[in-house]
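If you're matching positions, the sequence shown starts at 129 in this note's numbering and goes up one per residue.
Scroll down for the structure; my scribbles are underneath it.
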Amino acid sequence: NSKLNLNNAQFREDSQALDPECDCTTCQTYSRAYLHHLFKAREIQGMRLLTIHNIRFMMRLFAVIRRAIATGQFSEVRKASMSLS
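Have a look at this one:
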């Protein structure tokens, strides 16, 4: 995962999902171009859709963390996630 600035013109015609590997309804339904349009138009729907994506991201992250704690691998998961930042 990486940070995207949806206000950038590069997303104006980008038909990809926000995160092609994400299973949230935002990523399954809307393109980066549509989200770009919503942000440029200052539509509240853009923030709603991004919130849906961010909540789903956090749910998946915490599921990974819970599994790592349960299996005694939290240190490894933490180190791996810190190297992605």
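Ideal Cβ placement from N, Cα and C applies to all residues, glycine included.
Beyond the five residues adjoining it in sequence on each side, E141 comes within less than 6 Å, by CB distance, of A161 in the same chain, given in chain order. Boundaries of the alpha helix (DSSP H) harbouring K168: R160 to K168, taken from the DSSP string. Between Q156 and L166, the beta carbon gap of about 16 Å keeps them out of contact (Cβ cut-off 8 Å). Taking the C-beta atoms as reference points, L163 is found no nearer than 8 Å to L189. When the alpha-carbon of K131 is set against those of R206, R194, L178 and F202, the nearest one is in L178.
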